[in-house]
Amino acid sequence: MKNLLFLLLTTFTLSCCDKDDDKPKTELEKLPPATQTGAQTFGCLIDGKAFVPPKFGTNSPNAFYQFVNGAYTLSIYGSTDGGSNLKSINIGCLDMPLIQEVNYLLKEELVNNYFGEYNIGGGITFSGATTTVNPGILIITRFDPTNFIISGSFEFTVLDNNGAEIKITNGRFDMQYTN
Numbered sequence: 001m002k003n004l005l006f007l008l009l010t011t012f013t014l015s016c017c018d019k020d021d022d023k024p025k026t027e028l029e030k031l032p033p034a035t036q037t038g039a040q041t042f043g044c045l046i047d048g049k050a051f052v053p054p055k056f057g058t059n060s061p062n063a064f065y066q067f068v069n070g071a072y073t074l075s076i077y078g079s080t081d082g083g084s085n086l087k088s089i090n091i092g093c094l095d096m097p098l099i100q101e102v103n104y105l106l107k108e109e110l111v112n113n114y115f116g117e118y119n120i121g122g123g124i125t126f127s128g129a130t131t132t133v134n135p136g137i138l139i140i141t142r143f144d145p146t147n148f149i150i151s152g153s154f155e156f157t158v159l160d161n162n163g164a165e166i167k168i169t170n171g172r173f174d175m176q177y178t179n
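Start counting the sequence shown at 1; every next residue gets the next number (full-length UniProt numbering).
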């Protein structure tokens, strides 16, 4: 009887130790998968730390692509927390041509330019944006105007209030956009 109990206890203990679920996730593994189905996901690493907005609620990611006054405007946005703890990433373009599944440089927030922004505290505490001198990249991997899906990846670097770099890497999004 003791041998059976020992065997069961050993088997149970070993089976508990083999679970991958117990292994802590890396920051990169915390990001949503890079999909192209309109899964309403958004995430990136900010200086190596995972930034993942909730899938639903007031901070859920959103995207819009609208034709207004003869030109298109794009915004792909994700945020976490709220108030002075709010952190947000915005990628966009003002008065742009029709989106294509290609690579775009993220430059200054000017007409016909794609740009990237990182804000803390709703932009009150800190607001940094890409520039022509320090551009980022946006890669559109799927643009489906029939099903209103936009997917892709992004990376850019901004300077904080003291001139130190804040690196936004491994960015990905897969969203249904409003039109």
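Every residue gets a Cβ at the ideal spot worked out from N, C-alpha and C, and that includes glycine. Just so we're clear, the structure is a prediction, and the values are computed from it rather than from any experiment.
- Each residue's CA atom was taken as its position, placing E109 and A129 some 8 Å apart.
- Burial state of G116 is buried, judged by a 10 Å Cβ sphere holding 16 or more other Cβ atoms.
- Annotated as proximal: I140 and G152, with beta-carbon spacing under 8 Å.
- Annotated three-state conformation of D160 is coil, per DSSP.
- DSSP assignment within the segment 19-57 yields the following whole beta strand (DSSP E) runs of 3 residues or more, N-terminal first: 41-46 and 49-51.
- Inter-segment contact for the segment 32-42 and the segment 154-163 is absent: fewer than three beta-carbon pairs are separated by less than 8 Å.
- DSSP, reduced to helix, strand and coil, places N119 within a strand of the structure shown.
- D174 counts as buried, since at least 16 other C-beta atoms from the protein chains shown sit within 10 angstroms of its C-beta.
- By the criterion of at least three beta-carbon pairs nearer than 8 Å, the segment 28-36 is not in contact with the segment 69-82.
- The beta carbons of L94 and P135 sit no closer together than 8 Å.
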